[in-house]
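Notes follow the structure.
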Amino acid sequence: MYIYSMARGQTLSALQLVYSSTELQKLGFSYYQISNLVEQNKLVRLNKSHYENAEFVGDMNDFYYVPAFVPEGVICLMSAAVYYNLTTFRPYSIDVAVPSKKKLSSFPQSVNISLHYFSKERLSLGVCDVQVQKNTFKIYDIEKTVIDIISNRNKVGFEETKEILTNYLARQDRNINKLYRYAEKLSCLKTLKTYLEVLL
Numbered sequence: 032m033y034i035y036s037m038a039r040g041q042t043l044s045a046l047q048l049v050y051s052s053t054e055l056q057k058l059g060f061s062y063y064q065i066s067n068l069v070e071q072n073k074l075v076r077l078n079k080s081h082y083e084n085a086e087f088v089g090d091m092n093d094f095y096y097v098p099a100f101v102p103e104g105v106i107c108l109m110s111a112a113v114y115y116n117l118t119t120f121r122p123y124s125i126d127v128a129v130p131s132k133k134k135l136s137s138f139p140q141s142v143n144i145s146l147h148y149f150s151k152e153r154l155s156l157g158v159c160d161v162q163v164q165k166n167t168f169k170i171y172d173i174e175k176t177v178i179d180i181i182s183n184r185n186k187v188g189f190e191e192t193k194e195i196l197t198n199y200l201a202r203q204d205r206n207i208n209k210l211y212r213y214a215e216k217l218s219c220l221k222t223l224k225t226y227l228e229v230l231l
């Protein structure tokens, strides 16, 4: 269940899938020990700064890989809609928002990530930090997700957009005022009102 650090008696949690080299060092693992764990197939090197815990026993979610490959990335659009159970569609890749003109290294074949370049305001609005057991990732809140879907309806698809908004409106925890605030900030208010006139 645990991998021990001889330096400080610290352990790697079997509930955390991805570790950064900084996290490993803070736990007391030296570069030499980290290399040994890789050779023993207890850690799998993902890139220069992150490792996958081969003894992970938690519930698997590909979202846990995103911070390793896209540190500034925020899970968005259809991937976020799936997370909130707003659609039955299952995207082939993880939709991740990044700053405009951001240059990133290539991703491994095992992790399919689709980058979406957002303006500074759109990128920073409605970001949530999610922690599941020992794993963390960033994702937009549900209202921001709906507004991003509406703004990108030509790419997402009109039927998919309608399904997502319909499912959102059926939720007891819907927040129409928040939806309006996001739409106004992102110049999407007129389109949102048009959809709402049809669906409400």
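Just so you know, the working numbering puts 199 at position 168 of the sequence shown, and the rest follows in order with no gaps. Backbone N, C-alpha and C define an ideal beta-carbon position, used for all residues, glycine too.
Whole angstroms is fine: what's the gap from N116's alpha carbon to I125's?
-> In the sequence shown, the residue the question calls residue 116 occupies position 85. In the sequence shown, the residue the question calls residue 125 occupies position 94. One C-alpha to the other measures close to 15 Å.
Using the Cα positions of Y50 and T225, report the straight-line distance between them to the nearest angstrom.
-> Translated into the one-based positions of the sequence shown, residue 50 becomes position 19. Translated into the one-based positions of the sequence shown, residue 225 becomes position 194. Looking at the two C-alpha atoms, the distance is approximately 45 Å.
So, using beta-carbon positions, are T176 and A111 closer together than 7 Å?
-> Translated into the one-based positions of the sequence shown, residue 176 becomes position 145. Translated into the one-based positions of the sequence shown, residue 111 becomes position 80. Cβ atoms of T176 and A111: closer than 7 Å.
Can you list, in chain order, the residues of its chain whose CB lies under 6 Å from that of G104, leaving out five sequence neighbours each side?
-> Numbered from its first residue, the sequence shown carries residue 104 at position 73. So the qualifying residues of the chain are V97, V127, V129.
Flag this pair as touching only if the segment 204 to 213 and the segment 165 to 183 have three or more C-beta atom pairs under 8 Å; answer yes or no.
-> yes
Nearest candidate by alpha-carbon position, reference S234, set N143, H147, V229 = Residue 234 is absent from the model: the chain starts at 32 and stops at 231.
Buried or exposed: S61, going by 16 or more other Cβ atoms within 10 Å of its Cβ?
-> Taking the sequence shown and counting its residues from 1, one reaches residue 61 at position 30. An exposed status is given to S61, since fewer than 16 other beta-carbon atoms sit within 10 Å of its beta-carbon.
Same chain only: Cβ atoms within 7 Å of N143, ignoring 5 sequence neighbours per side | Reading the sequence shown from its first residue, position 112 is the one you call residue 143. In its chain, beyond the 5 residues on either side, Y123, S124, I125 have a beta carbon closer than 7 Å to the beta carbon of N143.
Do you know how far the Cα of I195 is from the Cα of R202?
-> Counted from its first residue, the sequence shown places residue 202 at position 171. Counted from its first residue, the sequence shown places residue 195 at position 164. In a straight line, the C-alpha of R202 is about 11 Å away from that of I195.
Top-ranked residue by Cα proximity to Q47, from S66, Y95, V101, N206 | Translated into the one-based positions of the sequence shown, residue 47 becomes position 16. Ranking S66, Y95, V101, N206 by Cα distance to Q47 puts Y95 first.
Can you give the Cα-Cα distance for K169 and K151, rounded to whole angstroms?
-> Numbered from 1 along the sequence shown, position 138 holds the residue referred to as residue 169. Numbered from 1 along the sequence shown, position 120 holds the residue referred to as residue 151. Approximately 16 Å, taken between the alpha carbons.
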